[in-house]
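Chemist: Using my numbering, the letters of the sequence shown map in sequence onto residues -16 to 189. We put the beta carbon where it would ideally sit given N, CA and C, even for glycine. No experiment lies behind these values; they were computed from the predicted model shown. Once you've had a glance at the structure underneath, I'll fire off some questions.
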Amino acid sequence: MERFAATAQRIAARPAKLEKIALLAEYFRALDDADLVAAARFFSGTPFAARDRRALSIGGRTIVAVARRIWAFDDAALARGYRDTGDLGDALGALVAPPRDTMLFRDRLTPARLDALFGDIAAAAGKRSSRRREVVLEQILRACNDPLTATYVVKIITGDLRVGLREGLVLDAIAHAFDVEAAAVRRGAMTSGDVGAVALAAKHGA
């Protein structure tokens, strides 16, 4: 997810749509299949495909509570950060502390791995579902080894990357990345309701 976050930050800094499309296309081309499917969905602003009825069911209070356990920040600092940015991801990212022991095993957070963990959260059910969601969320946030990664992981969870992309631009980036007609990509997205599946099909010429 470090490359995802760095790409998102670069895209956010570019006002021109064509520049955003080119940066995203370059990133898409470098991904394996599983990461491509997940990253395309994430850049569209949702953890799951549009047709997917699953939901994370994680609110801001839960995110803050879990993040506080990990990074032990002061609530006043978080409040200042949120006032300054108006975004929970940006506010929390600024408070991320580096791992105390880099030699300990740490989960490697890729788009595909994050997608799998989101699936675990969405599957939580029963009396202890809230606790299960918190446990997996803590696993996700602990795997964020730097502020920028944490920032964009939280943004994905809250459903707003705020980098100046909409789904249409993501589809254009898919077309550009794999030399496919944009109209065909858009038709595929309309039919399937899954940007990730469309990206994979475009990559393999399906």
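In or out: Met173 buried (at least 16 other Cβ within 10 Å) or exposed?
Modeler: exposed
Chemist: Could you give the residue range of the alpha helix (DSSP H) that holds Gly76?
Modeler: Leu71 to Gly76
Chemist: Within the continuous alpha helix (DSSP H) that includes Ile123, where are the two ends?
Modeler: Ser112 to Arg125
Chemist: Could you tell me the alpha carbon to alpha carbon distance between Ala32 and Gly176, rounded to whole angstroms?
Modeler: 7 Å
Chemist: Out of curiosity, what's the CA-to-CA distance linking Thr(-10) and Arg115?
Modeler: 31 Å
Chemist: What's the C-alpha gap between Leu1 and Leu78?
Modeler: 33 Å
Chemist: Using the Cα positions of Ala180 and Pro130, report the straight-line distance between them to the nearest angstrom.
Modeler: 30 Å
Chemist: Please classify His187 as buried or exposed, where buried requires at least 16 other C-beta atoms within 10 Å of its C-beta.
Modeler: exposed
Chemist: State the CB to CB distance for the pair Ala95 and Arg37, rounded to an integer number of angstroms; the pair is presumed to be in contact (CB under 8 Å).
Modeler: Not quite, the Cβ-Cβ distance comes to about 16 Å (not below 8 Å), so this is no contact.
Chemist: In angstroms, rounded to a whole number, what distance separates the CA positions of Gly76 and Ala48?
Modeler: Our two residues, Gly76 and Ala48, have alpha carbons roughly 14 Å apart in a direct line.
Chemist: Does Glu117 pass the burial test, meaning 16 or more other C-beta atoms within 10 Å, or should it be called exposed?
Modeler: In this structure Glu117 is buried. Its beta-carbon is surrounded by 16 or more other beta-carbon atoms within 10 angstroms.
Chemist: Where in the stretch 18 to 75 do unbroken runs of the alpha helix (DSSP H), each at least 4 residues long, occur, reported from the N-terminal end onward?
Modeler: 43 to 54 and 58 to 68
Chemist: Roughly how many whole angstroms lie between the Cα atoms of Thr29 and Asp18?
Modeler: 15 Å
Chemist: Using the beta-carbon count (16 or more within 10 Å), is Gly142 buried or exposed?
Modeler: exposed
Chemist: Whole angstroms is fine: what's the gap from Gly43's alpha carbon to Pro(-2)'s?
Modeler: Taking C-alpha positions only, Gly43 is separated from Pro(-2) by approximately 29 Å.
Chemist: Restricting to Cα atoms, I'd like to know which of Ala8, Thr68, Ala59 and Ala185 is closest to Phe26.
Modeler: Ala8
Chemist: Work out the CA separation of Val146 and Arg170 for me, nearest whole Å.
Modeler: 24 Å
Chemist: Which whole-angstrom value describes the C-beta separation of Val153 and Val136, a residue pair presumed to lie in contact below a C-beta threshold of 8 Å?
Modeler: The pair is not a contact, with the Cβ atoms about 18 Å apart (cut-off 8 Å).
Chemist: Helix, strand or coil for Met86 per DSSP?
Modeler: Note that Met86 scores a pLDDT of 46, beneath 50, so its modelled location is shaky and nothing firm can be said.
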